[in-house]
Amino acid sequence: MITDRVKELLQEIEGSLVENKEQLEAFRLKYISKKGAVTELFDGLKNIPQEDRRAVGQELNTLKNLAQSRFQEFSTILENSADVNEGNQIDLTLPVAPNLQGSIHPLTIVRRRIIEIFERMGFNVSYGPEIESDWYNFGALNFADNHPAREMQDTFFISKSEEAVKDDVLLRTHTSNVQIRLMERQKPPIRSIMPGRVFRNEAISARAHCVFHQVEGLYVDRNVSFRDLKDTLYHFAKEMFDKDSRIRLRPSYFPFTEPSAEIDVSCFICKGKGCNICKHTGWVEIAGSGMVDPNVLTNAGIDSEEFTGFAFGMGIERITMLRYGISDLRLFTENDVRFLRQFEGA
Ligand code: DAH
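Residues 158 to 503 in my numbering are what the sequence shown spells out, letter by letter.
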């Protein structure tokens, strides 16, 4: 009986399960394709007696609708799960994505270390402008208007004054400008270090750059002596490089200090025996220094009869190169991650 067959199929379709594309296709072929069971039953309708045909036709329609809606349902479910099964499947054999950590720039590491060492000796930190007048960069520091020492530093000028050299505007060539600004606003005792960026008109090479960093140091009080300068820098060298470091002072010249000295530290790579870093001398230069010239104290409004002071200046790039054995200044500004990554966790 056709109605029995319909009931049977209704139950079968109701209870069917489709879990993949192949099963879905099998379902389609079996029930709703041109050769499927439902079509077959429709074909048989013509053999049903006229009076029953309408009722059977309705049953068949119900069956057909069920088959089609089940087919739709299964397709939607399969489509939605396709992402998980195919595209975004998790492959546990893949290597994990590396967890990249940023690193602190070596110049920052060294600047912070320098600050930390001097802070423990009672120095505070001061800052000053990078765009400066000739007066603060040169004049007040005892460079006479036509003094040849001015030519020691190739300067980027921003504007030249018609009236007086001291009003010229320039990019500071050293951090010594901050000494003057600090002494103008603070009476002794002054114990401060002044990190910052400086500029010189130099062609960029492994050994020179037009932008680099210095740390200036200044100590002004009653009875500050050359001995204080020496001990302070000796302590710094031991903290910064090697506890067995020695220092040596070589006579030098700076317009703003008298007497002046170049500070060398015993080579901490070869312990003074001689290597490439120290050019086989056993010593490396780390700073310029000296007793603040009385003219400089006077220019900044400090009584040079009552107070004395020492000052020093060092290049952060230079200290960093020595400390990490870096031989090319350009590495600091090229942002090459192969270089920078080496300071992760430093
Ligand atoms: N300003 C000097 C330079 O740029 C470095 C320097 C030398 C600073 C001696 C000082 C000092 O304070 O006393 O080469």
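Note that the Cβ used here is the ideal one computed from N, Cα and C, for glycine as well.
Keep in mind that this is a model prediction, so the values were computed, not measured.
Residues bridged to residue i [DSSP beta-bridge criterion]
i: Arg-354; result: His-370
i: Trp-440; result: Ser-423
i: Ile-404; result: Val-422
i: Asp-161; result: Note: Asp-161 sits in no beta bridge, so no partner.
i: Arg-498; result: In the DSSP output, where bridge partners are listed per residue, Arg-498 has none listed.
i: Arg-348; result: Tyr-376
i: Ile-288; result: Leu-328
i: Val-282; result: Ile-350
Opening and closing residue of the alpha helix (DSSP H) in which residue i lies
i: Ser-333; result: 333-342
i: Ala-194; result: 194-201
i: Ile-274; result: 263-277
i: Leu-386; result: 383-397
Alpha-carbon spacing of residue i relative to residue j, whole angstroms
i: Arg-379; j: Gly-466; result: 8 Å
i: Glu-396; j: Pro-255; result: 36 Å
i: Ile-247; j: Phe-280; result: 57 Å
i: Gly-470; j: Thr-414; result: 11 Å
i: His-392; j: Ile-426; result: 18 Å
i: Phe-489; j: Leu-264; result: 8 Å
i: Thr-196; j: Leu-186; result: 11 Å
i: His-331; j: Cys-435; result: 25 Å
i: Glu-442; j: Thr-250; result: 54 Å
i: Gln-215; j: Ser-226; result: 16 Å
i: Pro-408; j: Lys-387; result: 13 Å
i: Gln-371; j: Glu-320; result: 31 Å
i: Arg-210; j: Leu-167; result: 19 Å
i: Leu-406; j: Arg-384; result: 12 Å
i: Arg-342; j: Leu-328; result: 22 Å
i: Gln-207; j: Gly-193; result: 24 Å
i: Asn-222; j: Tyr-188; result: 11 Å
i: Met-278; j: Ala-301; result: 34 Å
i: Phe-275; j: Ser-283; result: 12 Å
i: Asp-161; j: Glu-230; result: 26 Å
i: Asp-318; j: Trp-292; result: Checking the sequence shown, residue 318 turns out to be Ser, not Asp. Rounded to the nearest angstrom, the two C-alpha atoms are 12 Å apart.
i: Asn-492; j: Arg-498; result: 10 Å
i: Trp-440; j: Arg-480; result: 14 Å
i: Glu-174; j: Phe-500; result: Note on identity: in this sequence residue 174 is Leu, with Glu being the wrong assignment. Spanning the two alpha carbons is a distance of roughly 60 Å.
i: Pro-252; j: Val-494; result: 22 Å
i: Thr-312; j: Phe-411; result: 17 Å
i: Asn-237; j: Ile-483; result: 57 Å
i: Ser-232; j: Lys-178; result: 8 Å
i: Asn-452; j: Phe-295; result: 13 Å
i: Leu-486; j: Asn-358; result: 15 Å
i: Phe-496; j: Pro-352; result: 24 Å
Any non-hydrogen atom of the ligand DAH within 7 Å of residue i CB
i: Gly-353; result: no
i: Ser-402; result: no
i: His-262; result: no
i: Glu-373; result: yes
i: Phe-411; result: yes
i: Ser-333; result: yes
i: Thr-414; result: yes
i: Ala-468; result: yes
i: Gly-285; result: no
i: Gly-296; result: no
i: Ser-362; result: no
i: Ser-461; result: no
i: Ser-417; result: yes
i: Ser-349; result: no
i: Ser-382; result: no
i: Ser-446; result: yes
Residue i, DSSP secondary structure in three states
i: Gly-447; result: strand
i: Val-326; result: strand
i: Pro-252; result: coil
i: Asn-237; result: helix
i: Thr-490; result: coil
i: Asp-378; result: strand
i: Arg-210; result: helix
i: Ile-315; result: strand
i: Pro-412; result: coil
i: Ser-417; result: strand
i: Val-453; result: helix
i: Lys-430; result: coil
i: Phe-300; result: coil
i: Leu-174; result: coil
i: Phe-295; result: coil
i: Lys-221; result: helix
i: Arg-480; result: helix
i: Glu-359; result: coil
i: Arg-227; result: helix
i: Glu-320; result: coil
i: Ile-189; result: helix
Start-to-end residues for the beta strand (DSSP E) that takes in residue i
i: Thr-465; result: 465-472
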